[in-house]
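Numbering (the numbering used here), first residue to last: 1 to 283. Please read the structure below before turning to the comments.
Encoded structure:
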């Protein structure tokens, strides 16, 4: 489990529940299944109208991705790149091919296969860049689904509010204060549900997934640079130092906050919550 994601969800839910239980005379009054059905059902229906079914189904895959505790294996990728570079420089093509079979990163394996097959450098660069661009476009589109749901949820909360207000106005002529109170509560709760779902669930998941995509793009660019250096015949020592510097720069860029200040240079590989852009190992 991704610790930050789990802590964020639980703390957000806890804040809402504590606010309710500490201030409300009857906490169960905040549970309104018809209002929740309007918000969730309306959001899901509008999302189905906006996107194809196969893309809407991906929202569950995205949720699982952001909940998982993915590890960062960039150091392993660097080691594999340097190993193959050393074998190719020594002319051990057979050993390089055997090493290629042990590479678990599909993006790295594709680049090394192109080198072993004597593909022109321009074609290698173009193909790898296309793979990066394709992944970035696809994942941004997937994150956009959650952003769209974050827009729909408050809108359907307002729809429930209007339904409750209409029912309340109709009941005012009978002077049934209990029913008027219930209708008003329904009206306000649907707005509460819509705002809470949008800002505690849908939008944070979209941001988390987009952050993961940023790391994938940065690290795939690192691999692309390493593959191109091998194709140019650079020495393994140069490739190792270049990738180490490149990776350190990427980590510094990813650590910068909105004010442009880093987090003190902590090694991201030591952080348990680091995310892997490529594959799972030992999960």
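A virtual CB, placed ideally from N, CA and C, is assigned to each residue, including glycine. Model, not experiment: these values are computed from the prediction.
Give me the Cα-Cα distance between residue 148 and residue 32, rounded to the nearest whole angstrom. Counted from its first residue, the chain shown places residue 148 at position 148. Counted from its first residue, the chain shown places residue 32 at position 32. One C-alpha to the other measures close to 24 Å.
Local conformation of residue 179 per DSSP, three classes: As a first step, residue 179 is located in the chain shown; it is residue number 179 there, counting from the start. DSSP places residue 179 in the helix class (H, G or I) of the three-state scheme.
Please classify residue 43 as buried or exposed, where buried requires at least 16 neighbouring CB atoms within 10 angstroms. Residue mapping note: residue 43 aligns to position 43 of the chain shown, counting from 1. A buried status is given to residue 43, since no fewer than 16 other beta-carbon atoms sit within 10 Å of its beta-carbon.
Could you give the C-beta distance for residue 231 and residue 121, rounded to a whole number, given that I count them as a contact under 8 Å? Here the question's residue 231 lines up with position 231 in the chain shown. Here the question's residue 121 lines up with position 121 in the chain shown. With 8 Å as the limit, residue 231 and residue 121 qualify as a contact, their Cβ atoms being about 5 Å apart.
Sequence-distant residues of the same chain with beta carbon closer than 6 Å to residue 115, five excluded per side: Against the chain shown, residue 115 aligns to sequence position 115. Apart from sequence neighbours up to five positions away, the residues of its chain that approach residue 115 with a beta-carbon distance below 6 Å are 230, 231, ordered along the chain.
Is it the case that the Cβ atoms of residue 27 and residue 38 are separated by a distance below 7 Å? The residue labelled residue 27 in the question sits at position 27 within the chain shown. The residue labelled residue 38 in the question sits at position 38 within the chain shown. Not in contact: residue 27 and residue 38 (Cβ atoms no closer than 7 Å).
Please state the DSSP three-state secondary structure of residue 236. Taking the first residue of the chain shown as 1, we reach residue 236 at position 236. In the displayed model, residue 236 falls within a helix according to three-state DSSP.
Out of 161, 164, 139, state which residue places its alpha-carbon closest to the alpha-carbon of residue 320. This structure does not reach residue 320, given that the chain is present from 1 up to 283, and the question cannot be answered.
Report yes if the CB atom of residue 239 is closer than 7 Å to the CB atom of residue 103, and no otherwise. Taking the chain shown and counting its residues from 1, the one referred to as residue 239 is at position 239. Taking the chain shown and counting its residues from 1, the one referred to as residue 103 is at position 103. No. Outside cutoff.
With C-beta atoms as the reference, is residue 246 less than 7 Å away from residue 222? Along the chain shown, one-based indexing puts residue 246 at 246. Along the chain shown, one-based indexing puts residue 222 at 222. Taking 7 Å as the cut-off, the Cβ atoms of residue 246 and residue 222 count as close.
Inter-stretch contact (C-beta, 8 Å, three-pair minimum) for the segment 177-191 and the segment 151-159: With a cut-off of 8 Å on Cβ pairs, the segment 177-191 is in contact with the segment 151-159, counting three or more such pairs.
Roughly how many whole angstroms lie between the Cα atoms of residue 172 and residue 24? Here residue 172 corresponds to residue number 172 of the chain shown, with the count starting at 1. Here residue 24 corresponds to residue number 24 of the chain shown, with the count starting at 1. If I take the Cα positions, the gap works out to 25 Å.
Return yes when the Cβ of residue 219 is within less than 7 Å of the Cβ of residue 125, no when it is not. By one-based count along the chain shown, residue 125 stands at place 125. By one-based count along the chain shown, residue 219 stands at place 219. Cβ atoms of residue 125 and residue 219: not closer than 7 Å.
When the distance is taken between beta carbons, is residue 137 closer than 7 Å to residue 59? For the purposes of this step, residue 59 is identified with residue 59 of the chain shown, where counting begins at 1. For the purposes of this step, residue 137 is identified with residue 137 of the chain shown, where counting begins at 1. The Cβ-Cβ distance between residue 59 and residue 137 does not fall below 7 Å.
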